[in-house]
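Number of protein chains: 2
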Amino acid sequence: MDSAQFRECAKATIEMLIDYYENIDNSNVLPSVEPGYLMKLLPENAPEEPEDWKTVLKDFYEKVLPGVTHWNSPHFHAYFPSGCSYASIIGNLLSDGLGIIGLTWMASPACTELEVVTMNWLGKLLGLPEEFLNCSDGPGGGVIQGSASEATLVALLAAKDKMVRTLTQTNPDFDHDILKTKFVAYTSNQCNSSVEKAGVLGSMRMRLLKSDPNGKLRGETLKKAFEEDKAQGLIPCYVVANLGTTGICAFDPLHELGPVCNEENVWLHVDAAYAASAFICPEYRHLMKGVEYVNSFVVNAHKWLLVNFDCSAMWVKDCYDLIYAFDVQRMYLDDLKTTVKIPDYRHWQMPLGRRFRSLKLWTVLKMYGADGLRDHIRNQINLALHFAKLVRSDNRFIVEPEPSMGLVCFRLQDGDSNTKKLLENLIEKKKLFMVACTFRNRYVIRFVVCSRLTTKEHIETSWNFIKEETDRLMSPDKINPKSQSISTIDHFDSIHICEKSK
Amino acid sequence: MDSAQFRECAKATIEMLIDYYENIDNSNVLPSVEPGYLMKLLPENAPEEPEDWKTVLKDFYEKVLPGVTHWNSPHFHAYFPSGCSYASIIGNLLSDGLGIIGLTWMASPACTELEVVTMNWLGKLLGLPEEFLNCSDGPGGGVIQGSASEATLVALLAAKDKMVRTLTQTNPDFDHDILKTKFVAYTSNQCNSSVEKAGVLGSMRMRLLKSDPNGKLRGETLKKAFEEDKAQGLIPCYVVANLGTTGICAFDPLHELGPVCNEENVWLHVDAAYAASAFICPEYRHLMKGVEYVNSFVVNAHKWLLVNFDCSAMWVKDCYDLIYAFDVQRMYLDDLKTTVKIPDYRHWQMPLGRRFRSLKLWTVLKMYGADGLRDHIRNQINLALHFAKLVRSDNRFIVEPEPSMGLVCFRLQDGDSNTKKLLENLIEKKKLFMVACTFRNRYVIRFVVCSRLTTKEHIETSWNFIKEETDRLMSPDKINPKSQSISTIDHFDSIHICEKSK
Chain F
30 MDSAQFRECA
40 KATIEMLIDY
50 YENIDNSNVL
60 PSVEPGYLMK
70 LLPENAPEEP
80 EDWKTVLKDF
90 YEKVLPGVTH
100 WNSPHFHAYF
110 PSGCSYASII
120 GNLLSDGLGI
130 IGLTWMASPA
140 CTELEVVTMN
150 WLGKLLGLPE
160 EFLNCSDGPG
170 GGVIQGSASE
180 ATLVALLAAK
190 DKMVRTLTQT
200 NPDFDHDILK
210 TKFVAYTSNQ
220 CNSSVEKAGV
230 LGSMRMRLLK
240 SDPNGKLRGE
250 TLKKAFEEDK
260 AQGLIPCYVV
270 ANLGTTGICA
280 FDPLHELGPV
290 CNEENVWLHV
300 DAAYAASAFI
310 CPEYRHLMKG
320 VEYVNSFVVN
330 AHKWLLVNFD
340 CSAMWVKDCY
350 DLIYAFDVQR
360 MYLDDLKTTV
370 KIPDYRHWQM
380 PLGRRFRSLK
390 LWTVLKMYGA
400 DGLRDHIRNQ
410 INLALHFAKL
420 VRSDNRFIVE
430 PEPSMGLVCF
440 RLQDGDSNTK
450 KLLENLIEKK
460 KLFMVACTFR
470 NRYVIRFVVC
480 SRLTTKEHIE
490 TSWNFIKEET
500 DRLMSPDKIN
510 PKSQSISTID
520 HFDSIHICEK
530 SK
Chain Z
30 MDSAQFRECA
40 KATIEMLIDY
50 YENIDNSNVL
60 PSVEPGYLMK
70 LLPENAPEEP
80 EDWKTVLKDF
90 YEKVLPGVTH
100 WNSPHFHAYF
110 PSGCSYASII
120 GNLLSDGLGI
130 IGLTWMASPA
140 CTELEVVTMN
150 WLGKLLGLPE
160 EFLNCSDGPG
170 GGVIQGSASE
180 ATLVALLAAK
190 DKMVRTLTQT
200 NPDFDHDILK
210 TKFVAYTSNQ
220 CNSSVEKAGV
230 LGSMRMRLLK
240 SDPNGKLRGE
250 TLKKAFEEDK
260 AQGLIPCYVV
270 ANLGTTGICA
280 FDPLHELGPV
290 CNEENVWLHV
300 DAAYAASAFI
310 CPEYRHLMKG
320 VEYVNSFVVN
330 AHKWLLVNFD
340 CSAMWVKDCY
350 DLIYAFDVQR
360 MYLDDLKTTV
370 KIPDYRHWQM
380 PLGRRFRSLK
390 LWTVLKMYGA
400 DGLRDHIRNQ
410 INLALHFAKL
420 VRSDNRFIVE
430 PEPSMGLVCF
440 RLQDGDSNTK
450 KLLENLIEKK
460 KLFMVACTFR
470 NRYVIRFVVC
480 SRLTTKEHIE
490 TSWNFIKEET
500 DRLMSPDKIN
510 PKSQSISTID
520 HFDSIHICEK
530 SK
């Protein structure tokens with residue numbers, strides 16, 4: 030493909046994307062395909078000869094696109110938002126265009142430096158304590174990881190390394206390997222499954238502690254768990270607090286967990302993948318009260334801040350904790366001291382290579398401005414509240430717990446099996462996409478305002494779909510006999526966010 | 030940014046990229062900036078108000094671009110290639126445009142299925158044994174990981190989990206944690222530092238075994254290491270063979286290592302990040318003789334196959350080994366059995382979320398065709414041979430070892446310090462970028478054909494730069510007194526690939 034063909038093809042692609050978004054309302058959110066549909070459609074082998082770009086775009090349009098679930102449809106209300114915006118697409122287009130790998134500062138100075146700058150910008154916007162920022166005097170700083178899963182694992186590994194260093198400082202004879210088998214990690218039973226997975230991947234037992242009736246992990250519970258484990262000769266090492274749990278978007282009280290961790294020198298990591306984006310609006314910052322106690326903090330700019338996946342913004346109070354854990358340089362370790370203000374980010378993460386991911390964060394921050402992003406967050410929260418009001422106006426429904434951020438959980442008064450049936454029927458129709466979770470042992474449907482394109486009218490249309498489907502379900506003679514029951518349930522996270530089986 | 034603005038901005042961005050590539054010859058490969066240049070140029074805070082896209086592109090052009098190292102310049106000969114092509118940019122533009130997250134099949138059926146299809150296509154192109162492919166009867170299959178670093182760690186964790194399962198099957202009373210402390214991983218001392226890092230991250234001691242004089246890890250060496258460790262009560266668990274080492278692109282003999290591993294039920298992983306791309310040309314497949322012994326295999330399509338980072342193509346012989354190690358679903362585990370042909374890829378990798386990465390692999394495979402990609406590989410290898418011929422025509426130089434794939438290592442007859450000085454002087458001029466490594470205790474410069482834009486004429490221009498700089502260096506009265514010495518050396522990998530200090 031030469032420049033002239035690229036020009037034509039890229040322009041056609043851009044028109045296709047504009048058309049996609051301008052008509053996204055007219056498509057079902059969920060595709061009408063059976064498992065294996067694309068494998069059957071595509072040839073068994075790659076073509077031997079080059080194909081014309083028009084053929085490729087045609088194949089995309091006719092074969093791939095019909096099998097896409099439209100995460101940015103205004104009627105997509107499942108999981109959490111998947112950040113996407115024109116501004117972000119431009120940023121990544123620039124990044125792909127350059128095709129550089131930010132191995133080291135010299136491998137592309139701008140790649141390292143723009144990440145430092147944008148992570149300072151974002152950290153300030155969120156109101157994080159200054160010590161987390163690269164622009165402060167201390168050894169703190171921000172880094173873009175690929176996902177919150179990765180950040181949780183990175184922090185766990187750093188915590189493990191730090192605890193070994195701390196314990197062997199006073200007792201140099203301790204066997205490192207045996208020590209590590211005694212380490213324990215803690216989080217709430219409301220955590221995202223990626224937190225539990227970090228324990229599996231990082232070889233550290235992970236206790237899922239009981240949350241309170243509002244889904245929060247309390248300081249007293251954590252303290253008790255520490256004491257139980259210490260009595261058994263185990264060593265508390267790592268705690269993941271959740272700001273905005275996956276199920277109901279509950280906030281663990283950092284001001285309770287922090288002092289408990291600090292007292293035992295236990296690493297406190299905050300998984301605020303979805304909800305922390307709201308902290309760019311000062312009125313929500315009270316939800317991170319106690320953040321000064323934490324060692325590391327992650328928010329996915331690729332969820333609610335209109336940046337495309339992947340852009341997990343992670344800050345640490347002391348970057349040496351990462352460097353000590355991840356650096357495998359065999360010489361010149363002393364030189365590291367000089368590199369903190371211009372970080373060697375490969376020592377802050379698991380892989381060696383890194384894309385120029387800060388470009389998309391930069392284009393979004395600039396093209397929206399802080400004000401534009403705050404408007405986006407506030408608008409989405411208001412839309413969620415509007416939806417909650419609509420649900421409450423129908424006495425067949427209960428909204429529970431209270432809406433949190435862009436999430437509204439609701440269920441039928443009539444019982445779990447009908448709530449579940451309602452969700453199945455809605456998914457069957459493919460116009461809306463929501464998933465479910467459990468709250469206080471009740472099956473509740475999660476409705477999340479996800480797409481930047483969602484308006485009040487879309488919310489009302491969605492509500493009307495739900496109401497109509499409820500009418501159909503509740504009126505005995507109208508039950509659709511063909512409606513399929515769910516044979517298997519696919520668990521997206523630990524608290525049973527469900528989707529229909531494939 | 031609305032659709033109309035996006036159309037304008039995207040078109041301007043595309044023109045900027047076309048212009049970038051059409052004029053890339055006119056720029057130095059290395060930027061002329063000092064550490065901190067961009068931090069000084071950019072404001073301390075994100076803008077409050079949205080900025081016009083023209084301002085953003087202008088800022089990119091005037092502030093960011095001058096700090097970029099041009100990995101796709103025809104005179105970039107450092108590290109290994111960073112895949113980049115117009116075809117790949119289009120694929121990723123489509124992926125970003127949709128902005129979906131492939132959490133599960135239902136979260137976007139096409140995302141899972143196109144990955145299955147393209148990984149079958151690529152696996153066949155490389156000539157991998159059928160059992161690695163999803164389209165075979167067995168439990169094998171391919172998955173796209175973010176990087177070879179990630180793939181090496183994924184395989185290590187799966188190997189650890191598998192060994193625990195195997196050992197506790199016959200001895201259910203074994204303590205899992207204690208068992209794990211006895212596991213040992215092995216690789217050659219020529220490995221990429223990411224392999225060593227996988228041991229650190231995955232908490233497994235990693236022995237870097239001595240390679241033979243040609244940089245290969247031999248079967249006898251591995252066997253001896255297994256025996257030594259078993260005699261000490263340790264348990265060999267995981268071996269990483271390198272097909273194309275980072276330093277000199279040496280190939281470990283799989284047909285020697287494989288039987289040693291198989292005999293002890295040790296997981297054999299192949300890190301062929303760069304070189305395996307050449308296996309799309311049948312004439313190079315002899316270099317993976319013995320591949321039938323291996324458990325997992327990774328090649329970075331984002332290195333030499335013109336796909337943009339990140340696209341690490343990994344195949345496993347038995348996907349259950351990944352699923353058992355990574356799945357944290359608490360119920361319905363039995364259902365997994367039904368999902369192998371339509372994989373739940375989140376259980377094949379560390380993070381939960383995944384981008385639609387197969388799109389860029391798909392557009393590249395289609396727009397180049399298998400033939401086009403073979404031409405690209407063969408052309409780059411021929412260019413390397415042409416460079417080697419030029420170097421050999423100058424008796425001040427030695428080419429050593431023999432060129433391998435797109436890599437030529439060379440040094441001055443005159444000794445290491447002058448070779449090092451030559452590289453420093455060349456880097457100082459910024460027109461070429463190469464890094465160095467050590468071969469048989471000699472300092473050698475690595476010249477890699479990287480950019481898809483490199484032609485025979487570029488190779489000759491590069492050679493002329495090198496020759497002129499050598500003339501200057503070897504002529505005593507012409508030594509540039511201002512030439513700076515290297516104060517610190519930044520290690521890109523375990524065998525001291527050096528670059529100038531920041």
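Respectively, the protein sequence lines represent chains F and Z. First residue of the first sequence: 30, per the working numbering; consecutive thereafter. First residue of the second sequence: 30, per the working numbering; consecutive thereafter. Heads up, the beta-carbon is just placed ideally off N, CA and C, and yes, glycines get one too.
Assigned exposure category for residue i - 16 Cβ within 10 Å defines buried
| i | result |
| --- | --- |
| Z/R247 | buried |
| Z/N337 | buried |
| F/M30 | buried |
| F/N74 | exposed |
| Z/D356 | buried |
| F/S433 | buried |
| F/N163 | buried |
| F/P72 | exposed |
| Z/T367 | Since pLDDT at Z/T367 reaches only 47, below the 50 mark, its modelled position is unreliable, and the value read off the structure follows with that caveat. Exposed, since its Cβ has fewer than 16 Cβ neighbours within 10 Å. |
| Z/L46 | buried |
| F/H487 | buried |
Neighbour flag for residue i against chain F, beta carbons, 7 Å
| i | result |
| --- | --- |
| Z/S137 | yes |
| Z/C527 | Residue placement at Z/C527 is poorly supported in this model, since its pLDDT is 35, which falls under 50; the coordinates are not used for a value here. |
| Z/V345 | no |
| Z/S514 | A caution first: Z/S514 carries a pLDDT of 37, below 50, which makes its placement in the model too unreliable to give a value. |
| Z/G262 | no |
| Z/E160 | no |
| Z/T274 | no |
Beta carbon proximity, residue i to chain Z, threshold 7 Å
| i | result |
| --- | --- |
| F/F338 | yes |
| F/V393 | no |
| F/M148 | no |
| F/I474 | no |
| F/D249 | Residue identity differs from the one stated: residue 249 of chain F is Glu in this sequence, not Asp. F/E249 does not count as touching chain Z. |
| F/L461 | no |
| F/C220 | no |
| F/T197 | no |
| F/T467 | no |
| F/K366 | Because the pLDDT at F/K366 is just 46, under 50, the model does not fix this residue reliably, and the point stays unresolved. |
Contact set between residue i and chain Z, taken where Cβ atoms lie within less than 7 Å
| i | result |
| --- | --- |
| F/T210 | D206, I207, T210 |
| F/C290 | Under the 7 Å cutoff, chain Z gives no residues; its nearest Cβ is about 22 Å from F/C290. |
| F/S165 | Here the premise fails: no neighbours, minimum Cβ distance about 12 Å. |
Cross-chain neighbours of residue i in chain F, by beta carbon under 7 Å
| i | result |
| --- | --- |
| Z/D400 | E77, E78 |
| Z/V327 | In chain order: nothing, as chain F lies at least about 12 Å away. |
Contact test: residue i Cβ vs the ligand MN heavy atom, cutoff 6 Å
| i | result |
| --- | --- |
| Z/E486 | This structure does not include the ligand MN; it has no bound ligands of any sort. |
Cross-chain neighbours of residue i in chain Z, by beta carbon under 8 Å
| i | result |
| --- | --- |
| F/S240 | Result: empty, since nearest Cβ-Cβ is about 16 Å, beyond 8 Å. |
Chain F residues whose Cβ lies nearer than 8 Å to that of residue i
| i | result |
| --- | --- |
| Z/I130 | W100, Y108, S111, F338 |
Closer than 9 Å at the beta carbon, the chain F residues around residue i
| i | result |
| --- | --- |
| Z/S433 | Under the 9 Å cutoff, chain F gives no residues; its nearest Cβ is about 21 Å from Z/S433. |
Neighbouring residues, chain Z, relative to residue i (Cβ below 9 Å)
| i | result |
| --- | --- |
| F/C38 | Y115, A116, I119, M396 |
| F/D350 | Those do not exist, as F/D350 stays about 14 Å from chain Z at its closest Cβ, beyond 9 Å. |
**Message:** Restricting to runs no shorter than 3 residues, where is the beta strand (DSSP E) found entirely within the segment 298-366 of chain F?
**Reply:** DSSP assignment within the segment 298-366 of chain F yields the following whole beta strand (DSSP E) runs of 3 residues or more, N-terminal first: 325-329, 341-345.
**Prompt:** Taking a cut of 7 Å between CB atoms, which residues from the segment 370-389 of chain Z lie near chain F?
**Reply:** I371, M379, P380, L381, G382, R384
**Prompt:** Looking at chain Z, which residues of the segment 277-306 of chain F have a Cβ within less than 9 Å of any of its Cβ atoms?
**Reply:** Against chain Z - using a Cβ distance shorter than 9 Å - the segment 277-306 of chain F contributes no residues.
**Request:** Taking only beta carbons into account, state which residues of the segment 479-501 of chain F come closer than 7 Å to chain Z, listed in chain order.
**Result:** none
**Continuous beta strand (DSSP E) assignments of at least 3 residues falling wholly in the segment 432-460 of chain F** = Runs of the beta strand (DSSP E) inside the segment 432-460 of chain F: 436-441.
**Request:** Note down, one range per segment and in chain order, each beta strand (DSSP E) of at least 3 residues found wholly within the segment 142-222 of chain Z.
**Result:** You should have 170-174, 212-217.
**Message:** Report the start-end ranges of each alpha helix (DSSP H) in the segment 229-292 of chain Z that is 4 residues or longer and not cut off at the edges.
**Reply:** 248-260, 283-292
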